Amino acid sequence: MAELYSDLPLNFTPNPNTGDVKPASGEKAVRLALLNLIRTPIGSRPYNPNFGSRVFEYLFKPADPLTEDNLTEDLAYAIRTWEPRVDLISIETNMEDYGIEIIIEYYVKGFSQPQQVSTVINKV
4 MAELYSDLPL NFTPNPNTGD VKPASGEKAV RLALLNLIRT PIGSRPYNPN FGSRVFEYLF
64 KPADPLTEDN LTEDLAYAIR TWEPRVDLIS IETNMEDYGI EIIIEYYVKG FSQPQQVSTV
124 INKV
C-alpha cells in the first residue's frame with residue numbers, strides 16, 4: 004500500500020456545505036507542495052528563510068541556454084532539498100517574453116505512476 008500524504012490547499016476554499024477546508028491527499032498533496040515550493044521566493048518565509056526556489060531571480064535574466072540550465076539546476080536543488088517525497092525524472096524550463104514556463108516530471112515515493120506538474124511564472 005502506498006504511503007499517504009496530506010496537506011491543506013493554499014487557497015483554503017471551504018466546502019460550501021460544511022465550511023470545512025478539505026485537505027489534499029496522496030499525489031495531489033505532493034503536487035500542491037511542489038507548486039508552493041516553486042512559487043515561494045527564497046527569503047520570503049520569516050521562520051524558514053531558506054525555503055523556496057530562485058525562479059523569480061531568473062525572470063529578467065537573458066533567455067539563453069546557460070541561464071535555462073542554471074534555472075533547471077536551481078529548481079532540482081530546491082526540490083531535492085525541500086521535497087523528499089519526490090524522485091525527479093526531468094525538469095524542463097522555457098524562458099519566454101512573458102515569463103518562465105516550468106514542467107516537472109517526477110515520481111511520488113510510494114506511488115508507481117509518474118506525475119507531471121507545470122506552471123508559468125509571469126513577469127507581470
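Going by this note's numbering, the sequence shown runs without a break in its numbering and finishes at 127. Ideal Cβ positions, reconstructed from N, Cα and C, are used throughout, including at glycine. This one's a predicted model, so the numbers in the text were calculated from it and none came from an experiment.
CA-CA distance, residue i and residue j?
i	j	result
Asn97	Arg88	25 angstroms
Pro65	Tyr80	21 angstroms
Tyr110	Glu86	12 angstroms
Take residue i as the anchor and find which of the options has the nearest alpha-carbon.
i	options	result
Ile93	Glu108, Ile103 and Ala81	Checking the sequence, you will find Ser at residue 93 rather than Ile. Ranking the options by Cα distance to Ser93, first place goes to Glu108.
Leu91	Tyr101, Asp72, Glu99 and Lys112	Lys112
Ile124	Asn73, Pro68, Leu62 and Trp85	Leu62
Gly29	Leu35, Leu69, Tyr8 and Ala36	Tyr8
In or out: residue i buried (at least 16 other Cβ within 10 Å) or exposed?
i	result
Arg83	exposed
Arg48	exposed
Gly22	exposed
Leu74	buried
Leu35	buried
task: Kindly confirm or deny that the region 55-62 and the region 26-46 touch, where touching means at least three C-beta pairs closer than 8 angstroms.
output: Verdict: yes, contact present.
Every unbroken alpha helix (DSSP H) within the region 35-113, with a cutoff of 4 residues, ordered by chain: For the region 35-113, whole alpha helix (DSSP H) runs of length 4 or above, ordered along the chain, are 68-85.
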